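As structure tokens, the structure follows; a few thoughts come after it.
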Amino acid sequence: MQRLRVDAERNQHNSMFYKELAECALRLHGPWTGVTPDDVLREVRRAAVGLLPAVDYASVTLVSRQVRGRTNQIGLSFVDEDVSTRIDALHHEHGTGPCFDAVWQPGPLTVNAVTTETRWPALMAAVLEQTEIRSLMSIQLRAADQTLGALNLFAVEPSAFTREIREDAVILATHAAIALSAADRLEHINRALESRDLIGQAKGMLMERFAIDAAQAFGILRELSQDTNVPVVDICGRLVNADHPSTQHNDV
């Protein structure tokens, strides 16, 4: 009877988890033009704390350039709470730790007890002294053969991450990686379109002002870029802003 009760409780948990995960996935992917990388990261943090038992705080470590083993290639983390912010700062101070190492390796990287962990002794001592966190887990975020970062989960209880929680966390991290990759691509596309439009406006202004063709206009912009060591699109933004000061364009 005990086994049946445990199985029933687990099945009920699974049903609720997948239902809520499906709702989370809809928010993560959202309208085609409406979801930014920051939106995804904010939703992933909310989902991690809301969907996974024992998770008290969460953050996402982001990678800037993919150079294995180089901690200075770890970008800014997405955090908005004192505890996760402090743990992120400690990782940067020590230059190592599970939140960094998980970026470069598949599968969950789990610290069951901060008090007895031996892989990062100095970092664990600082976490123990300066935070209430007693166990943590980091999972690589990877999609389309691209390493994006790691999802970090923190708990105030030791040995908080059971096998079931680890399995559910990997599923959430997979959805998060796919959504973050899609949002990054969309952001790059939008920036490219904005750059193209801005360059087109600047070329048109030069063509009208100096009675030159499109190739000559772009040649002038390229020469200005080389002379000033400023990207062409930024040169175009300044030109358009100077001509239309009431409608300022942000640098792309």
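As numbered in our numbering, residues 3 to 254 make up the sequence shown, in order. Ideal placement from N, C-alpha and C gives every residue a C-beta, glycine not left out. Just so it is clear, the structure is predicted and the values come from calculations on it, not from any experiment.
Proximity to G151 [Cα-Cα], best of E25, E22, V46, M18 = Here residue 151 is taken as the residue at index 149 of the sequence shown, counted from 1. When each option's Cα is compared against that of G151, the closest is V46.
task = May I have the straight-line CA-CA distance separating I135 from R88, to the nearest angstrom?
result = Reading the sequence shown from its first residue, position 133 is the one you call residue 135. Reading the sequence shown from its first residue, position 86 is the one you call residue 88. Cα-Cα distance, rounded: 11 Å.
ask   = Do I201 and V234 come within 8 Å of each other at the CB atom, strictly closer than that value?
value = The sequence position of residue 234 within the sequence shown is 232, counting from 1. The sequence position of residue 201 within the sequence shown is 199, counting from 1. Yes, Cβ-Cβ distance for V234 and I201 is below 8 Å.
message = Looking at A56: is its Cβ nearer than 8 Å to the Cβ of A175?
response = As a first step, residue 56 is located in the sequence shown; it is residue number 54 there, counting from the start. As a first step, residue 175 is located in the sequence shown; it is residue number 173 there, counting from the start. Cβ distance not < 8 Å, so A56 and A175 don't count as in contact.
key: Alpha-carbon spacing of Y59 relative to L111, whole angstroms   = For the purposes of this step, residue 59 is identified with residue 57 of the sequence shown, where counting begins at 1. For the purposes of this step, residue 111 is identified with residue 109 of the sequence shown, where counting begins at 1. Approximately 16 Å, taken between the alpha carbons.
message = Applying the 10 Å Cβ sphere with the 16-neighbour rule, what's the burial state of Q228?
response = Sequence index remark: in the sequence shown, residue 228 carries index 226 (1-based). The residue is exposed, with fewer than 16 neighbouring Cβ atoms inside 10 Å.
query = By a C-beta neighbour count over all protein chains shown, 10 Å radius and 16 as the cutoff for buried, is F220 buried or exposed?
reply = Looking up residue 220 in the sequence shown gives position 218. Buried, because 16 or more other Cβ atoms sit within 10 Å of the Cβ of F220.
request  = Report buried or exposed for D90, applying the criterion of at least 16 other Cβ atoms within 10 angstroms of its Cβ.
outcome  = Numbered from 1 along the sequence shown, position 88 holds the residue referred to as residue 90. Buried, because 16 or more other Cβ atoms sit within 10 Å of the Cβ of D90.
Through-space distance from E166 to N243, alpha-carbon basis = Stepping through the sequence shown from its first residue, residue 243 is reached at position 241. Stepping through the sequence shown from its first residue, residue 166 is reached at position 164. Each residue's alpha carbon lies about 56 Å from the other.
message = Count Cβ pairs between the stretch 178–194 and the stretch 207–216 that sit closer than 8 Å; are there 3 or more?
response = no
Buried or exposed by the 16-neighbour rule on C-beta atoms within 10 Å, applied to M126 = Translated into the one-based positions of the sequence shown, residue 126 becomes position 124. M126 is buried by the Cβ-count criterion.
key: Distance between T120 and E189 (C-alpha atoms, nearest Å)   = On the sequence shown, position 187 is the one that residue 189 refers to. On the sequence shown, position 118 is the one that residue 120 refers to. The straight-line gap from Cα to Cα measures roughly 41 Å.
task = Pick helix, strand or coil for R121, following the three-state DSSP scheme.
result = For the purposes of this step, residue 121 is taken as residue 119 along the sequence shown, with counting starting at 1. Reduced to three states, the DSSP call for R121 is coil.
key: Neighbourhood of V42 by C-beta, 8 Å cutoff - its chain only, sequence neighbours within 5 removed   = The residue given as residue 42 occupies position 40 in the sequence shown. Cβ within range, chain order: L30, A178, A181, L182, A185.
ask   = When you compare each of G52, A128, R211, L226 to D245 by their alpha carbons, which one comes out closest?
value = By 1-based counting over the sequence shown, the position of residue 245 is 243. Minimum Cα distance to D245 is reached at R211.
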